[in-house]
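Throughout the sequence shown, residue numbering follows our numbering, covering 192 to 591 in sequence. C-beta: ideal position from N, C-alpha, C; glycine also. Just below is one structure, and these are the notes that go with it.
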Amino acid sequence: MTNPTVIVVGGGPVGLATAYGLATSGVDVTVLEKSDTVVTAPRAMAYLFFVHDGFEKLGILDDLTAEALLGDGMNLIDYASGEQFHSSLDAIADDVAHPYTLHLGQDQISRILVRRLERLDNVDLRFGAEVTEIAQDEDGVTVAFTGADGDERLRAAWLIGTDGANSVVRKSVGLGFEGMTWPDRFISTNIRADLGAEGLKIANWRIDPVYGAIIAQITADNLWRYTFRESGDLPDEGLEERIHEHFSVGMPGGAAYELVQFQPYRMHQRAAETFRVGRVLLAGDAAHITNPVGGLGLTGGFLDSFVLTEALAAVIRGAADDSVLDAYSTLRRRVYLDVASPAASANKRMLFDPHPPEEKAQLLGGLRHLVADREFRRQDLLAMRALITPSVVTGTEVVT
């Protein structure tokens, strides 16, 4: 194997997007992913309007749109009363180029990117390659990994870790993962059911301490994501039975359903103390992780990728000093700590925590105002652009 300029460890959607962005900028890239194929477990599946310009710049927006369902906003439901509050994206139709949400499984995004990467001569995409050791010096990074051909070593000028919350890369460079773990966990399920017939919109947050849920349509043939929470103390044994027990009460309208897939997830609010150590950089869940309410996890990873790809490509071609990589680390970490993590935590508490009567009345009153006042809704939606980091190379926004 010829040594590349950049090694990307982790072949999930953030790693693949980063590899594709670098490769289309003329950089030789190798991707090492320990799984044998694209992971299909039910994970992220909705991507908000402020990442679409980044997808367009990357050249994949049309591919994503062709496979996705397009969402028109978020429908909030008070389980106790049945009252619904639809926060429509029509309020920002004159402000952004793509005022919709893309609904498609993150595995679909990965497959789209794999197809794109496989067409490029300057990319070596290696599934079934598990990294075991990383060592860096002033000139580059050496990676040891085990793949189909046994133990191998590879050297590159730079390495990017996009290998998830349990990142081997992050641990190899001695970084901690500061933060907290929630005491409960999410149960993410894919089901087949006609929930539109039960009055649900394409994307729904249901508010209740017991039957709170995130319920969103993934495909036109009635594949839906239904995510609820349970105590983190419960064992995996008996989980499928508990899912059916939850659905026996919580399924909207008592609709018939087929349980297609399910996966439990512990939830965290954590970040590495830096996203750069020498020639090693972190992005996505390897750098920071959040509970998924609001879709700010993978979305944040893509926003990392857009900034990092531009910065590292500029450094490699000599158009920028490597201080832009420190700026990437500082700014993206600040966005996580100051914006993404607090917002996701507040969303989770709103949906799943018990609310005393006075607090509940204030919450529902605020949601009524959000729906009724278009300008208020517009400002609330546009405030989400605080998750975007300006280009560290040009000083202009990478996405708008």
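So, for residue i: in the same chain, excluding its five sequence neighbours on each side, which residues have a beta-carbon less than 6 Å away from its beta-carbon?
i    : result
D476 : G355, A356
T231 : D298
V506 : D513
P204 : Q297, I300, S301
Y402 : Y270, G441
N313 : A214, D219
H479 : A462, Y527
V305 : none
E363 : For clarity, residue 363 is Ser in the given sequence; the question names Glu instead. The residues are I325.
E449 : R383
V530 : A577, L578
Assuming residue i contacts residue j (C-beta within less than 8 Å), just tell me the rounded distance between them.
i    : j    : result
V360 : G352 : 3 Å
W349 : M458 : Going by Cβ atoms, the distance from W349 to M458 rounds to 31 Å, so no, they are not a contact pair.
R317 : G338 : 6 Å
G592 : D399 : With the chain represented from 192 up to 591, any question about residue 592 goes unanswered, as that position is not in the structure.
L558 : F276 : 4 Å
A257 : T292 : So it is not a contact: roughly 16 Å between Cβ atoms.
Quick check on DSSP: helix, strand or coil for residue i?
i    : result
I579 : coil
D342 : strand
R525 : helix
G262 : strand
G352 : strand
E421 : strand
Y456 : strand
I251 : coil
R470 : coil
I393 : coil
L494 : helix
P374 : strand
V220 : strand
Y238 : strand
R508 : coil
V484 : coil
V230 : coil
N538 : helix
F246 : helix
D517 : helix
H657 : The question about residue 657 has no answer here: the residues shown for the chain are numbered 192 through 591.
D328 : coil
D427 : coil
H560 : helix
V440 : helix
V359 : helix
H289 : coil
L267 : strand
T609 : Since the first and last residues shown for the chain are 192 and 591, residue 609 lies out of range.
V322 : strand
E464 : coil
Report buried or exposed for residue i, applying the criterion of at least 16 other Cβ atoms within 10 angstroms of its Cβ.
i    : result
H437 : buried
N501 : Residue identity differs from the one stated: residue 501 is Glu in this sequence, not Asn. Buried: at least 16 other Cβ atoms inside 10 Å.
T490 : buried
L473 : buried
G492 : buried
P233 : buried
T580 : buried
D244 : buried
H294 : buried
S532 : buried
P548 : exposed
M613 : The structure shown does not extend to residue 613, since the chain spans only 192 to 591, so no value can be given for it.
H560 : exposed
G217 : exposed
D286 : exposed
R420 : buried
L261 : exposed
A208 : buried
R307 : buried
E439 : Reading off the sequence shown, one finds Ser at residue 439, where the question assumed Glu. Its Cβ having fewer than 16 others within 10 Å, S439 is exposed.
A259 : buried
G212 : buried
D328 : exposed
Near residue i, which residues of its chain fall below 7 Å by C-beta distance, leaving aside the five closest residues on each side in sequence?
i    : result
L516 : R467, L472, A502, L503, V506
N413 : R383, A384, D385
L311 : A214
T193 : none
A518 : V583
By Cβ distance, which residues of its chain are closer than 8 Å to residue i, with the 5 residues on each side in sequence left out?
i    : result
E309 : L316
P290 : F240, L280, D281, I283, A284
### Message
Below 8 Å, how does it come out for the segment 529-536 and the segment 484-494: are there three or more Cβ pairs, yes or no?
### Response
A contact between stretches requires three or more CB pairs, one per stretch, nearer than 8 Å, and the segment 529-536 meets this requirement with the segment 484-494.
### Query
Do the segment 378-387 and the segment 516-523 meet, that is, are 3 or more Cβ pairs less than 8 Å apart?
By the Cβ test, the segment 378-387 is not in contact with the segment 516-523, since fewer than three Cβ pairs between them sit closer than 8 Å.
### Task
Take every Cβ of the segment 439-456, pair it with every Cβ of the segment 193-207, and state whether three or more of those distances are shorter than 8 Å.
no
### Touch test, the segment 251-261 against the segment 413-431, Cβ-Cβ under 8 Å, three pairs minimum
Counting Cβ pairs under 8 Å, fewer than three are found: no touch.
### Query
Do the segment 255-269 and the segment 385-399 touch if we need at least three Cβ pairs shorter than 8 Å?
yes
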